[in-house]
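Okay, structure first, notes after.
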Amino acid sequence: MIMTATSLQRLSFLRLGCAAALLLMLCATPSHAQTVAVIVNGDPITNYDIEQRSKLNFLSTHKPQVRKQVIDELIDEKVKIREGKKYGIDPSSSDIDGLYSGMSSRMHITPDQLTKSLASSGIRPETLKERMRAEMVWSSLIRGRFKESLQVGEKEVAAAAKSETPDKPDTDSFEYKMQPIVLIVERGSPPAATEARRKEAEALRNRVQTCDEANVLFKSMQNAAIREAVTKTSADLPAALREVLDKTPIGHLTAPEVTKQGVEMVALCDKKPTTVDTPKKKEIRDKMFVDKYEAKSKAYLQEVRKAAMIEYR
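Take the sequence shown: its position 105, counted from the start at 1, is 120 in our numbering, and no numbers get skipped.
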């Protein structure tokens, strides 16, 4: 075959183009990211994934994990996500971003600040988001598929409560009707401004004798707000707040407390005994639910993992 000068020139350009494309591919993807350690149902886990998860776990627990533990964790997440898809549970990117934003909010930082914090430890945000995805999928799957078997009956709770303290009756439970009140203090205000509002709250506290008076007073006051009434039982409230409410006469306000919004109080509008629940029973019920959930989760995970195609490289 005789090649013309034009053909040789085209072949030379083609070779150069292929070489350039190959170089771009190698530069775009780090070599360690291309090394596959495990394949789970056709889905790869790379050494880079393992390295990233190891860093994230260390950041969370401050304890190093052996490589096998990290690999097992990643395998579990792969099979959880795959099992969820079988039942139509496949969170969108916006769902996961919402979880990410919620975590940053609980940490009192912005999502961008959380991302920068992770980056300072060499962790990509996707590493955390992938763990969130697996947790969200698995929780929805367990609660949805095994809803009936996870329920905790009143007889179970009562029996457990009696066996724990057979000679000591459970504490009384009450239903509280409350209205939260806030005297607003603008952010960045000096401490003197906050203290002035706290003293104002103390004075107003002595004036209010009923919730009707509280509504008239605080709805007409500037830089103050009284919210709609809410009803909670003893089991719904932390012990510290229950103690404060139990010491507050009906119709009166709790002692002022300085918060991010300003100075807050609670108007106690009503309080009456209830048999709905008690703090002790709620604690027992929550623990029994967690025990049932964890047992079901463990058994189900073993089942789906046995059925998975796992190939170690």
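In this text, a Cβ means the ideal position worked out from N, Cα and C, and glycines have one as well.
query                                                                                                       : result
Cα-Cα separation between E88 and L156, rounded to whole angstroms                                           : 18 angstroms
Classification of S136 by the beta-carbon crowding that lies within 10 angstroms, buried from 16 upward     : exposed
Residue closest to T209, alpha-carbon to alpha-carbon, out of I111, V278, S108, K78                         : V278
Coarse secondary structure for Q128, derived from DSSP in three states                                      : helix
For Y102, three-class secondary structure by DSSP                                                           : coil
Residue nearest to F189 in terms of C-alpha spacing, selected from L252, K83, W153, N230                    : L252
Segment contact, 8 angstroms Cβ cut-off, at least three pairs: the segment 162-169 with the segment 240-256 : no
Beta-carbon separation (whole angstroms), I265 vs K286, contact threshold 8 angstroms                       : 6 angstroms
Same chain only: Cβ atoms within 8 angstroms of G113, ignoring 5 sequence neighbours per side               : none
Assigned secondary structure, V94 (DSSP; H/G/I helix, E/B strand, else coil)                                : helix
C-alpha distance - R202 paired with A239, whole-angstrom precision                                          : 15 angstroms
DSSP bridge partner residues for K76 (one or two, in chain order)                                           : At residue 76 the sequence reads Thr, which differs from the Lys that was named. DSSP output for T76 lists no bridge partner at all.
Pairwise C-alpha distance: F233 and S69                                                                     : 53 angstroms
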